[in-house]
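In UniProt numbering, the protein residues as written are 1 to 404.
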């Protein structure tokens with residue numbers, strides 16, 4: 001039997017409050033238990049938090065399109081703060097050519113040429129932290145590892161000049177905050193929006209980018225006519241917006257998981273080929289991207305409820321990735337699990353096009369650490385960084401016991 005929104009459970013919670021952002025797990029459990037579809041009256045939102053419904057909404061781009069925005073703002077009624085993403089905030093046919101170009105540039109085959117370089121860069125980064133140190137090294141896993149490695153290798157791969165790379169993290173932080181409501185987190189980033197947007201925009205120009213990077217390959221696609229010259233800088237901008245923060249916080253998640261689960265670290269040391277699985281399991285377990293929105297194109301049934309046309313639907317990716325209806329012992333970080341099928345990268349035609357890049361970065365850094373570190377453990381309680389969309393750490397104190 002199909003029911004209307006008037007009959008679905010109402011959960012009066014603010015998913016963007018600081019209390020929830022500090023620890024979203026109790027709220028996520030409550031939403032899952034309330035029903036397959038709930039209403040959040042604070043923002044007049046329809047929400048889904050169970051795996052089956054989240055996956056269904058993500059995959060059904062025809063009835064739950066992205067072109068009205070993947071944040072709370074409705075692009076059909078509001079002007080976005082920056083031009084919409086051709087990857088994340090567009091649907092076929094407008095989405096097809098940019099997606100095809102970037103999929104070829106960032107696909108597993110294309111990334112093989114980067115593998116040796118990135119693994120060597122990871123070894124060099126870890127050696128710089130550990131060489132000459134005592135048997136035990138304490139460091140901030142976020143600053144020293146999770147932020148340092150992506151900011152070292154990814155901008156090089158895109159072809160960015162070295163100057164100004166520190167702008168990538170605050171720009172990405174604001175972009176992900178802006179997907180949520182206009183709260184204090186958005187206001188905190190507002191004073192630098194113009195400056196950061198101008199800097200990112202300037203880095204997308206053909207003449208600024210190195211000749212052998214992802215950015216130059218995007219511009220070469222415009223020369224071939226695969227995309228238009230107007231689309232090329234917007235596709236480069238998509239890389240710079242979503243290609244750093246998500247990997248940084250994925251690395252933070254996997255370092256936290258390995259530090260708090262000694263059995264998982266022992267497994268990784270014994271079987272370093274499980275590094276990619278460890279990274280994917282961390283994306284499932286912590287879900288750096290916690291939420292995304294879609295908009296109902298027409299009256300659309302989901303979870304036994306008809307969502308009226310033009311209503312925003314909030315998908316709780318983090319809740320879906322811990323849904324016990326789909327996952328066994330979902331709160332455990334487990335390297336023997338098969339985490340494939342998690343929705344941490346999205347699902348369907350809008351699934352993260354850069355996920356192979358993130359996995360390669362994760363595998364490189366974890367392999368380098370596993371070779372040098374016998375045991376990893378928390379040195380103090382981590383400090384969360386609050387963001388309307390991301391589950392992130394500001395600081396991750398770690399204690400590394402060196403091998404040998």
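Cβ coordinates follow ideal geometry from the N, Cα and C atoms, glycine included.
Residue from 182, 23 and 115 whose Cα sits closest to the Cα of residue 154: The residue labelled residue 154 in the question sits at position 154 within the chain shown. For the residues 182, 23 and 115, the minimum Cα distance to residue 154 belongs to 115.
Per-residue DSSP class, three states only, for residue 1: Counted from its first residue, the chain shown places residue 1 at position 1. Here the model assigns residue 1 a pLDDT of 48, short of 50, so the residue's position is not dependable and the matter cannot be decided.
C-alpha distance - residue 158 paired with residue 209, whole-angstrom precision: Looking up residue 158 in the chain shown gives position 158. Looking up residue 209 in the chain shown gives position 209. Spanning the two alpha carbons is a distance of roughly 8 angstroms.
Cβ neighbours of residue 403 in the same chain (closer than 7 angstroms, five flanking residues each side left out): In the chain shown, counting from the first residue as 1, residue 403 sits at position 403. 372, 373 and 374.
DSSP three-state assignment for residue 89, whether helix, strand or coil: Taking the first residue of the chain shown as 1, we reach residue 89 at position 89. In the structure shown, residue 89 sits in coil (DSSP, three-state: anything other than H, G, I, E or B).
Residue range of the alpha helix (DSSP H) that includes residue 395: The count along the chain shown starts at 1 and reaches residue 395 at position 395. First-last for residue 395: 391-395, but that is the beta strand (DSSP E), not the alpha helix (DSSP H).
Spatial neighbours of residue 287 in its chain, beta-carbon cut-off 7 angstroms, leaving aside the 5 residues before and after: Residue mapping note: residue 287 aligns to position 287 of the chain shown, counting from 1. Same-chain partners within the cutoff: 317, 318, 321, 344 and 391.
Buried versus exposed call for residue 340 [16 or more other C-beta atoms within 10 Å across all chains shown]: To locate residue 340, count along the chain shown from 1; it is residue 340. Residue 340 is exposed by the Cβ-count criterion.
Beta-carbon contacts of residue 111 that lie in its chain and below 7 angstroms, excluding the five residues immediately before and after: Taking the first residue of the chain shown as 1, we reach residue 111 at position 111. Here the set comprises 356, 357 and 360.
Runs of beta strand (DSSP E) lying entirely within the segment 236-308, each at least 3 residues, in chain order: 291-295, 300-302 and 305-307
Local conformation of residue 139 per DSSP, three classes: Translated into the one-based positions of the chain shown, residue 139 becomes position 139. If DSSP states are grouped into helix, strand and coil, residue 139 belongs with the strands.
Endpoints, beta strand (DSSP E) assigned at residue 378: Here residue 378 refers to the residue found at position 378 when the chain shown is read from its first residue. Looking at the DSSP string, the run of the beta strand (DSSP E) that includes residue 378 is 373-378.
Cross-strand partners of residue 316 (DSSP beta bridge): Against the chain shown, residue 316 aligns to sequence position 316. DSSP lists 291 as partners of residue 316.
Residue(s) in a DSSP beta bridge with residue 18: Counted from its first residue, the chain shown places residue 18 at position 18. Answer by DSSP bridge pairing: none, since residue 18 is not bridged.
Buried/exposed call for residue 351, threshold 16 Cβ in 10 Å: The residue labelled residue 351 in the question sits at position 351 within the chain shown. The residue is exposed, with fewer than 16 neighbouring Cβ atoms inside 10 Å.
Integer-rounded CB distance, given that residue 335 should sit under 8 angstroms from residue 268: Counting from one through the chain shown, the residue named residue 268 turns up at place 268. Counting from one through the chain shown, the residue named residue 335 turns up at place 335. Indeed, because the Cβ distance is near 7 angstroms, the residues count as touching under 8 angstroms.
Contained alpha helix (DSSP H) runs [length at least 4] in the segment 156-212, N- to C-terminal order: 168-177, 184-189 and 193-203
Own chain residues within Cβ distance below 7 angstroms of residue 376, not counting five before or after: In the chain shown, counting from the first residue as 1, residue 376 sits at position 376. For residue 376, where only same-chain residues beyond five positions count, the Cβ hits under 7 angstroms are 258, 259, 265, 398 and 400.
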